[in-house]
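Start counting the sequence shown at 0; every next residue gets the next number (numbering that gives the first Met the number 0).
We put the CB at the ideal spot given by N, CA and C, even for glycine.
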Amino acid sequence: MSDKDRPFPCIPATIGFSLNHLRYGFIGDPRKHTTILELSSLLKTFTEVSRNIGNYASLIVFYEIPVDMKNNYSVEQYEQLFWYQLNELAAIDDEIWPEEIPTDPHRPLWEFCFHGEKYFMFCATPAHTNRRSRHFNTMMLAITPRWVLKEFNKSQNQAKRIKERIRRRLSQYDSISVHPDLNSYGAEDNFEWRQYFIRDDDTSLSKCPFHQFLNIWK
């Protein structure tokens, strides 16, 4: 995050790091259901305090993965685990899904919600090699509230300039071109779920694996 010679592409994330607006959590094996409970507890707590942290607040979650998993799991296997985490997390959410957010992830305004808050999800894994911006030595989530992103986009001209700089940084940081699924929230051709887990090539899933909506009807 603090590398000046090879700066991390996401400029808001580097600002959040420098301002100490990031919060960190450590949880278990992503294949275990007990880990979902740990993630739920972390995200509930973060949701309740995030607005007191600062304008660049994000929760960074590190999973504990065994050596054999780190060495052998493919990007696609981590992708399945990521969506397993989100589905199970939604299934135990005790808050009602925000009525202004569609329940169909294939609509442009859909985004993941938990504990009444709207979130952008970012996943990095040890299996990513071409996209160094999505590489980390364990499975990792960066969870950013929508209100943080709205604050960032308040000044449209400034936000546009920063997004252009982010894309330039991505092209230098990664050994592959910017993924075609990267887009802007609210655009008619944008689907947030496609950006949560970016594969190491230009492929992507045809349908969103998120399907848990039982909590909506509570």
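{"query": "Cα-Cα separation, I175 to L169", "result": "9 Å"}
{"query": "Three-state secondary structure (DSSP) of A12", "result": "helix"}
{"query": "I215 in three-state terms, based on DSSP", "result": "Residue placement at I215 is poorly supported in this model, since its pLDDT is 40, which falls under 50; the coordinates still yield a value, given next. DSSP places I215 in helix when its eight states are reduced to three."}
{"query": "Segment limits, alpha helix (DSSP H) that includes V147", "result": "R145 to F151"}
{"query": "Cα-Cα separation between C9 and L181, rounded to whole angstroms", "result": "13 Å"}
{"query": "Which of helix, strand or coil DSSP assigns to T102", "result": "coil"}
{"query": "DSSP beta-bridge partners of E116", "result": "F113"}
{"query": "N-terminal and C-terminal residue of the alpha helix (DSSP H) that V66 is part of", "result": "V66 to N71"}
{"query": "Sequence-distant residues of the same chain with beta carbon closer than 7 Å to F111, five excluded per side", "result": "L85, Y118 and M120"}
{"query": "Per DSSP, the bridge partner or partners of R131", "result": "Paired residue(s): none; R131 is not in a bridge."}
{"query": "Three-way DSSP call (helix, strand, coil) for Y77 in this model", "result": "helix"}
{"query": "According to DSSP, residues forming a beta bridge with I59", "result": "Y23 and A141"}
{"query": "Short Cβ contact (9 Å threshold) for T56 with G24", "result": "According to the sequence as given, residue 56 is Ala; it is not Thr. Their beta carbons are not under 9 Å apart, which means A56 does not touch G24 by this criterion."}
{"query": "Proximity to I59 [Cα-Cα], best of R130, A12 and H32", "result": "A12"}
{"query": "Extent of the continuous alpha helix (DSSP H) run through Y195", "result": "E191 to Y195"}
{"query": "Distance, R160 Cα to F81 Cα", "result": "31 Å"}
{"query": "Segment contact flag, the region 42 to 51 with the region 127 to 147, C-beta cutoff 8 Å, min 3 pairs", "result": "yes"}
{"query": "C6 versus M0: straight-line alpha-carbon distance, rounded", "result": "At residue 6 the sequence reads Pro, which differs from the Cys that was named. P6 and M0: Cα-Cα distance of roughly 7 Å."}
{"query": "Residues of its chain near R106, where Cβ-Cβ distance is below 7 Å and the 5 sequence neighbours each way are ignored", "result": "none"}
{"query": "Beta-carbon proximity check, P104 vs F196, cutoff 9 Å", "result": "no"}
{"query": "Extent of the continuous alpha helix (DSSP H) run through Y172", "result": "Q155 to Y172"}
{"query": "Span of the alpha helix (DSSP H), counted from its first residue to its last, around T46", "result": "H32 to V48"}
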